[in-house]
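Heads up: the sequence shown at position 170 corresponds to 320 in the numbering used here, and the numbers run straight through without jumps.
Built from N, CA and C at the ideal position, the CB exists for glycine as well.
Being a predicted model, the structure only gives us computed values, none of them experimental.
Take a look at the structure below.
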Amino acid sequence: MGVAACGLIGAEGIPVPEDLDPPSPTPRLGAEVGGDEIVLGLASITMGVYSGGGQSAVAREIGEALDWYEDNGWLKTPSRFHEDPPPLEDADIVFDSREVAGLPIEVMSFDSGYAVRPEAPGGQRYMGYAPNRRAYAWVLRGDEEAPWLVNVHGLTMGQPWLDLKLLQADMLHRSLGLNLVFPVLPLHGPRALSRISGRGYLTGNAMDTIHAQTQAIWDIRRIIGWLWKQGSDRIGIHGVSLGGFTTALVASLEQGLRCAIAGMPAADAAWLVWWHASAAARRECLAAGIDEERLQQVFRVISPLAMDPQVPGARRYIYAGLADRFVPPVVVERLWEHWGQPSIYWYPGSHLSVLLHDGPIRYLRQAAESSLRDAEPARAPKA
151 MGVAACGLIG AEGIPVPEDL DPPSPTPRLG AEVGGDEIVL GLASITMGVY
201 SGGGQSAVAR EIGEALDWYE DNGWLKTPSR FHEDPPPLED ADIVFDSREV
251 AGLPIEVMSF DSGYAVRPEA PGGQRYMGYA PNRRAYAWVL RGDEEAPWLV
301 NVHGLTMGQP WLDLKLLQAD MLHRSLGLNL VFPVLPLHGP RALSRISGRG
351 YLTGNAMDTI HAQTQAIWDI RRIIGWLWKQ GSDRIGIHGV SLGGFTTALV
401 ASLEQGLRCA IAGMPAADAA WLVWWHASAA ARRECLAAGI DEERLQQVFR
451 VISPLAMDPQ VPGARRYIYA GLADRFVPPV VVERLWEHWG QPSIYWYPGS
501 HLSVLLHDGP IRYLRQAAES SLRDAEPARA PKA
């Protein structure tokens with residue numbers, strides 16, 4: 151009961167847009183939000199997420215980056231910051247077969263080929279992260295002519311058993327018959343710099359975050375290019391949390407995708423970093439000349455809110471929790487507005503409890519089926 155009570159108190163502080171009704175304050179909701187709170191606390195300890203430290207150096211790199219962006223016109227047209235990656239050829243890829251949770255998967259790996267531009271602030275440091283230079287993905291395929299869905303994991307994930315479970319591999323592959331690929335984001339899983347998957351992605355070093363997210367888009371677009379060459383003309387993308395943010399970015403840069411399904415998308419990274427930062431970290435940032443507006447400026451080149459989506463409006467989908475402590479509803483609504491108010495499903499729960507609610511799973515199934523199998527368009531399922 152203590153976790154539930156604390157969770158209900160925490161739920162009252164979640165920013166919810168005025169046009170949405172917050173979920174009823176039940177013991178279940180309190181337990182769900184309490185779970186979010188506990189994991190957020192652990193993340194701040196184990197990963198250094200949202201913590202302070204060395205902000206004067208970060209501020210210097212941000213200033214250099216903004217001058218660099220301005221000189222190249224990227225603040226005005228942020229999509230131009232992202233270069234088209236070279237084709238991924240069969241000869242570049244190594245496959246290793248294994249079974250995970252009863253599903254036969256192929257572990258796909260290849261040299262990322264991503265290189266930070268020589269003049270980029272923090273680029274030499276980022277390129278020194280040796281385990282990150284090789285890209286990985288988990289692949290499930292059956293019918294060669296079946297559509298493909300790219301599934302992008304969230305922060306701290308990047309292990310096959312976890313990615314396949316949380317991203318609904320069994321339902322999407324066995325039930326819908328889709329071919330699936332699960333890219334491993336930079337600094338995660340076999341690409342991690344430590345035993346903690348994802349450490350370094352959101353540790354308060356703005357340029358590392360920008361380089362990692364830029365590399366994520368590069369790697370995923372290389373994989374998508376390889377999928378086109380496999381002969382399918384039906385490819386979509388789906389991601390959750392950090393993966394939802396990444397999904398929205400890929401959907402802003404990649405032509406021809408049949409759908410973009412953003413689950414709990416962390417689409418406003420600057421706002422989230424500032425909102426989650428401790429009071430001490432904020433004070434240190436402010437003393438160094440970093441505030442939320444400064445973060446918004448430097449993160450503009452990786453913001454889906456600053457780019458036009460390339461996926462047709464009828465095939466943009468969003469689902470999110472009304473009591474999400476990681477990605478509050480106000481952030482999700484910004485993407486929904488920017489995307490032209492497409493189909494959206496709100497479930498009455500927290501971030502980590504998404505699989506405890508049937509609605510988001512049914513919505514994902516309908517969105518994937520309608521876009522990739524040409525069934526009826528997805529609609530928000532009844533509670």
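Distance between residue j and residue i (C-alpha atoms, nearest Å)
i, j, result
"residue 483", "residue 167", "8 Å"
"residue 302", "residue 373", "12 Å"
"residue 243", "residue 216", "36 Å"
"residue 375", "residue 169", "40 Å"
"residue 300", "residue 387", "5 Å"
"residue 234", "residue 211", "25 Å"
"residue 534", "residue 486", "As displayed, the chain neither begins before 151 nor continues past 533, which places residue 534 out of reach and without an answer."
"residue 232", "residue 283", "18 Å"
C-beta contact flag for residue i and residue j at 8 Å
i, j, result
"residue 208", "residue 356", "yes"
"residue 182", "residue 271", "no"
"residue 287", "residue 332", "yes"
"residue 501", "residue 455", "no"
"residue 423", "residue 343", "no"
"residue 534", "residue 397", "Here the chain has residues from 151 to 533 only, and residue 534 is not among them."
"residue 367", "residue 403", "yes"
"residue 236", "residue 263", "yes"
"residue 360", "residue 451", "yes"
"residue 250", "residue 314", "yes"
"residue 340", "residue 362", "no"
"residue 470", "residue 479", "yes"
Beta-carbon contacts of residue i that lie in its chain and below 8 Å, excluding the five residues immediately before and after
i, result
"residue 172", "161, 164, 166, 472, 473"
"residue 297", "328, 329, 382, 384, 385, 386, 408, 522, 523"
Exposure of residue i, with buried meaning 16 or more beta-carbon neighbours within 10 Å
i, result
"residue 476", "buried"
"residue 224", "buried"
"residue 519", "buried"
"residue 365", "buried"
"residue 443", "exposed"
"residue 247", "exposed"
"residue 412", "buried"
Whole-Å CB distance - residue i paired with residue j, under 8 Å assumed
i, j, result
"residue 279", "residue 266", "Actually they do not touch by this definition, with Cβ atoms about 11 Å apart."
"residue 468", "residue 415", "7 Å"
"residue 511", "residue 318", "6 Å"
Residues of its chain near residue i, where Cβ-Cβ distance is below 6 Å and the 5 sequence neighbours each way are ignored
i, result
"residue 199", "Only weak support is given to the placement of residue 199: the predicted model assigns it a pLDDT of 47, under 50, and the value that follows is read from those uncertain coordinates. Contacts found: 193, 352."
"residue 523", "none"
"residue 438", "205, 206, 209"
"residue 307", "313"
Nonlocal neighbours in the same chain, by C-beta distance under 7 Å from residue i, ignoring five residues either side
i, result
"residue 304", "390, 391, 392, 393"
"residue 322", "299, 328, 330, 518"
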